[in-house]
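Asks: Quick note: the sequence shown uses this note's numbering, first residue 1, plus one each step. Glycine is no exception: its CB is placed at the ideal position from the N, C-alpha and C atoms. All values derive from a computational prediction rather than experimental measurement. I have a structure I would like to understand better, so I am pasting it below and will then ask my questions one at a time.
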Amino acid sequence: LAHSLKGVAATLGANRLANQIAVLEVALKQQGSDCDGLIDDIEAGLSTLAAAILALPQRPVEATTIPVDPAHLEQVMNELEHLLAQSDAHAGQLAADSRSLLHAALGDVGDELLRQIEHFDYETALATLRNARM
1 LAHSLKGVAA TLGANRLANQ IAVLEVALKQ QGSDCDGLID DIEAGLSTLA AAILALPQRP
61 VEATTIPVDP AHLEQVMNEL EHLLAQSDAH AGQLAADSRS LLHAALGDVG DELLRQIEHF
121 DYETALATLR NARM
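So, in C-alpha cells, the structure goes:
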C-alpha cells in the first residue's frame, strides 16, 4: 500500500509527500521501526493534498459530441482496464486524455467512470468499466 501511495503522490507532483512515504516504506521493511510519527506526517500531507485538489475548479463538461472510432475506443478501454486492474495511477492520465471519447461513447456512465478514477477508486472504476463493456 505504501508503495502504491508513493507512486500516486509522485504522479500528482506531490514530491515531498512521495518522499515521506518512501521513508515510511523503508521503515516498514525494517519491521522494528516506530512508524507512528511518519504516518502522522503523511496523514497531514494527504489532508493538505486532498484540500488542494478539492479546491481546483471543476472542468466544464464538453457540450460537443465527437465521433467515436470503435477501434480507438476498444484500445483505450483495454488499456484503462489493464491499468485499473493493476491500481496503476497512470489510469488517471489516460482517463483525462480520453475524457471526450469516454463521455461520447458511454455518456453518464463515462462521466461516473471518470469521477471514480479521479477519486482513486480504482476497484469501483474497474467494475464500472467492465459493466459498460457488457
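With a threshold of 6 Å on Cβ separation, who are the neighbours of valine 68 within its own chain once the five nearest residues in sequence on each side are excluded?
Replies: Along the sequence shown, read from residue 1 onward, the residue named residue 68 stands at position 68. Only Ala104 and Ala105 meet the Cβ criterion.
Asks: Assuming leucine 12 and leucine 49 form a contact by the criterion Cβ under 8 Å, report the distance between their Cβ atoms to the nearest whole angstrom.
Replies: Indexing the sequence shown from 1 puts residue 12 at position 12. Indexing the sequence shown from 1 puts residue 49 at position 49. Indeed, because the Cβ distance is near 7 Å, the residues count as touching under 8 Å.
Asks: For the stretch 27–83, which segments carrying the alpha helix (DSSP H) assignment without a break, of at least 4 residues, lie completely within its bounds, in sequence order?
Replies: As far as the stretch 27–83 is concerned, its whole alpha helix (DSSP H) runs of at least 4 residues are 36–55.
Asks: With respect to the alpha helix (DSSP H) encompassing glycine 92, which residues constitute its N-terminal and C-terminal limits?
Replies: Counting from one through the sequence shown, the residue named residue 92 turns up at place 92. Note, glycine 92: alpha helix (DSSP H), 90–97.
Asks: Would you kindly check if the distance between the Cβ of leucine 102 and the Cβ of glycine 110 is under 8 Å?
Replies: Translated into the one-based positions of the sequence shown, residue 110 becomes position 110. Translated into the one-based positions of the sequence shown, residue 102 becomes position 102. In this structure, leucine 102 lies closer than 8 Å to glycine 110 by Cβ.
Asks: Nearest CA to the CA of histidine 72: which residue from Gln30, Phe120, His90 and Leu94?
Replies: As a first step, residue 72 is located in the sequence shown; it is residue number 72 there, counting from the start. Cα-wise, what sits closest to histidine 72 is Leu94.
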